[in-house]
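Just so you know, the sequences run in chain order A and B. First residue of the first sequence: 204, per the working numbering; consecutive thereafter. First residue of the second sequence: 204, per the working numbering; consecutive thereafter. Just so it is clear, CB atoms sit at the ideal spot from N, CA and C, and this is done for glycine as well. None of these values were measured; they are calculated from a predicted model. Below: one structure, written as structure tokens.
There are 2 protein chains.
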Amino acid sequence: MCRMARPRKPLLSRDRIVAAAGSLIDAEGLEAVSTRRLAAELGVSGPSLYNHFRTKDEILEAVADAVSARVDLSMFDASDGRDWRTALHDWALSYRAALADHPHLVPVLARGPGRRPAGLRVADAVFGAMVRAGWPPAQATHIGALMRYFITGSALGSFARGFVDDESAYDPADYPHLGQAHLLAERREQVDRGAFETGLRALLDGLALQYAALAPGGRGAAATGAAARGGGQGG
Amino acid sequence: MCRMARPRKPLLSRDRIVAAAGSLIDAEGLEAVSTRRLAAELGVSGPSLYNHFRTKDEILEAVADAVSARVDLSMFDASDGRDWRTALHDWALSYRAALADHPHLVPVLARGPGRRPAGLRVADAVFGAMVRAGWPPAQATHIGALMRYFITGSALGSFARGFVDDESAYDPADYPHLGQAHLLAERREQVDRGAFETGLRALLDGLALQYAALAPGGRGAAATGAAARGGGQGG
DNA sequence: ACCTGAACACCGTTCAAGT
DNA sequence: ACCTGAACACCGTTCAAGT
């Protein structure tokens, strides 16, 4: 009935390519992904990929979006949005966990949501929930941004990983306070988690102070478009 | 007296290479730096660089270290370390300014101090000052880490830059709260600065609360007025 | 000691050709 | 429509050769 019958089904699909790229990145890192290598992994030749994606970067973006899609956002549709602090906290843990599962992908995710649908969904959910909780829109934008800064910063620059595992690198004459720094590499996970928890708590405590200081009119219901000024008096 | 006299002075030096690489990165970004291109900029052939650096990555690290070296640390040697909050605040601004001057280099700096002397000097100064102010060493480590997270995260993932400047990317049916998102690209600087200031203030307020709650052994009386008030239920 | 050209084993991407 | 081999313009790095 139809035209001529397909000789055989396609070897490739966007999903297959994204899945293979994700596995390769997790296993061997971002630098391991070349179009030729990825194609070989899929049993095809390099240029075949260009039938499904316009550039290699588009493939990376698609993999990153798949990770963003796994970030839990259910804490934000809790009706009234009263408890913005708890929602923000739980979301931060979920976000961090997603990044920790795919550390090699963090540099891609840290570039921002761009055009990635799942990345935009995350930004949308945070912003919407903060406004619903009574934050002025400008402040809600800032909160989405600064939480991203902190979470991706912690995932990317895993602090302890930045120190080499080699005592001789830290001459006490040069760095009087870094005598134990080579131990950081061993206790990496502990330090990273501790710093993240301390920082998250400080951030939420500090935001709670700012929330308490908001003009009474702006709380409890969706705020007007007027939007308070930026960050108060800082700097 | 000496052996045979040098025929002519060397064409290259580590300093010249680092300076040329820095200029190239600032002008055209990290991807513009290939060994051949950089060598051409210096009037030599590609492999010549390998007489002065072992790898291209070592060149990048040296450029990054030069940026770290320009971060002001003078606020940390203020004798008693009483006012750790102000010192941390001023340092954060200085750090952010250094990164903002060389945005293309942030991905390199975000990897952590590694073996870079100036990077280690920064970590050493922060840690030392916090301990001197009465923070327990473990907490001082966390503070150094979480400040790094936030500052490099904000420089790298410049929030607004992550959104495309194209209204059609944000279908209200998909993202009900992102109606104005394409405006972010225009107001990028404003949003980034506002988010940074809001976040920094929250972070310091939150840390002040934790400082005030330290066992009396950790003295200092440095907590600012903002810390005294409530609002810090645990996360 | 320092620079060179040639070479090796790679890249991302385009394109005419096949089916 | 989808895949291929060949080709273009690149990479980082090594090395024997020159001075």
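Separation of residue j from residue i, as counted between CA atoms
i	j	result
B:L291	B:V329	8 Å
B:A363	A:P320	Here B:A363 scores only 42 on pLDDT, less than 50, and its place in the model should not be relied on; the value that follows carries that caveat. Cα to Cα, the separation comes out at about 16 Å.
A:A348	A:H305	21 Å
A:D218	B:R288	50 Å
A:G246	A:H307	24 Å
A:D275	B:L252	48 Å
B:A314	A:A415	The displayed chain sequence assigns Arg, not Ala, to residue 314 of chain B. Those two C-alpha atoms are separated by around 36 Å.
A:A281	A:G360	32 Å
B:T344	A:R257	45 Å
B:R299	A:P419	33 Å
A:G225	B:A265	32 Å
B:L227	B:L215	16 Å
B:A398	A:E244	42 Å
A:R464	B:I262	No answer is possible for residue 464 of chain A: the residues shown for chain A start at 204 and end at 438.
B:R391	B:K212	48 Å
A:G317	B:P339	41 Å
B:E231	A:F353	28 Å
B:A332	A:T355	26 Å
A:A405	A:V236	38 Å
B:G423	B:L412	Caution applies to B:G423, whose pLDDT of 46 falls short of 50 and renders its modelled position unreliable; the value that the coordinates give is listed next. So the two alpha carbons sit approximately 13 Å from each other.
B:R351	B:A269	18 Å
B:V394	B:S248	44 Å
A:V325	A:L407	19 Å
A:T401	B:I346	8 Å
A:D286	A:P250	51 Å
B:D377	A:A267	19 Å
B:H255	B:V311	20 Å
B:A372	A:G409	34 Å
A:T238	B:T238	22 Å
B:A222	B:D229	11 Å
B:G337	B:P379	47 Å
B:M278	A:A303	34 Å
B:A242	A:A242	33 Å
B:L417	A:L417	28 Å
B:A301	A:E370	29 Å
Residue closest to residue i, alpha-carbon to alpha-carbon, out of the options
i	options	result
B:P375	A:L323, A:R239, A:S251 and A:A223	A:L323
A:A272	A:D327, A:F399, A:D286 and A:Q413	A:D327
A:L233	A:L214, A:S216 and A:K259	A:K259
B:W294	B:L412, B:A230, B:L403 and B:L241	B:L403
A:A358	A:L296, A:H380, A:R239 and A:L410	A:L296
B:R240	B:E400, B:G409 and B:I220	B:I220
B:L381	A:A301, A:H380, A:A341 and A:G409	A:A341
Helix, strand or coil at residue i according to DSSP, with G and I counted as helix
i	result
A:G382	coil
B:G437	A caution first: B:G437 carries a pLDDT of 29, below 50, which makes its placement in the model too unreliable to give a value.
A:G337	coil
A:G246	coil
A:G331	helix
A:G402	helix
B:D395	helix
B:A418	coil
B:L215	coil
A:G360	coil
A:Y373	coil
Contact list for residue i against chain A, beta-carbon separation under 7 Å
i	result
B:F279	Residues of chain A passing the Cβ test: none, with the nearest at roughly 11 Å.
B:F256	Going along chain A, no residue has its Cβ under 7 Å from B:F256, so there is no contact; the nearest lies around 18 Å.
B:A418	Going along chain A, no residue has its Cβ under 7 Å from B:A418, so there is no contact; the nearest lies around 16 Å.
Chain B residues whose Cβ lies nearer than 8 Å to that of residue i
i	result
A:A306	Checking the sequence, you will find Pro at residue 306 of chain A rather than Ala. Neighbours of A:P306 on chain B: none; closest Cβ ~12 Å, over 8 Å.
A:R299	Within chain B, no residue comes near A:R299; the closest Cβ sits about 11 Å away, beyond 8 Å.
A:R324	D377 and Y378
A:S272	It should be noted that the sequence gives Ala, not Ser, for residue 272 of chain A. Under the 8 Å cutoff, chain B gives no residues; its nearest Cβ is about 13 Å from A:A272.
A:D268	What A:D268 touches in chain B: nothing, since even the nearest Cβ is about 13 Å away.
A:G337	In chain order: nothing, as chain B lies at least about 15 Å away.
Closer than 7 Å at the beta carbon, the chain B residues around residue i
i	result
A:P310	P310
A:D260	Within 7 Å Cβ-Cβ: nothing; A:D260 doesn't reach chain B, min ~11 Å.
A:G360	A313, R314, G315, R351, Y352 and T355
Chain-ordered neighbours of residue i on chain A, where CB pairs are closer than 8 Å
i	result
B:F330	H380 and L381
B:V394	T344, H345 and A348
B:D293	The premise fails here: B:D293 is roughly 10 Å from chain A at the closest Cβ pair, so nothing lies under 8 Å.
Contact list for residue i against chain B, beta-carbon separation under 9 Å
i	result
A:V334	H380
Neighbour list for residue i in chain A, Cβ cutoff strictly below 9 Å
i	result
B:T165	Within the shown structure, residues of chain B are numbered from 204 to 438, placing residue 165 of chain B beyond reach of any answer.
B:A230	None at all; the shortest Cβ gap to chain A is about 21 Å.
TODO: Entirely within the region 219-293 of chain A and at least 4 residues each: give me those alpha helix (DSSP H) ranges in chain order.
DONE: 238-244 and 259-271
Task: Entirely enclosed alpha helix (DSSP H) segments - the region 294-323 of chain A, minimum 4 residues - done: 309-312
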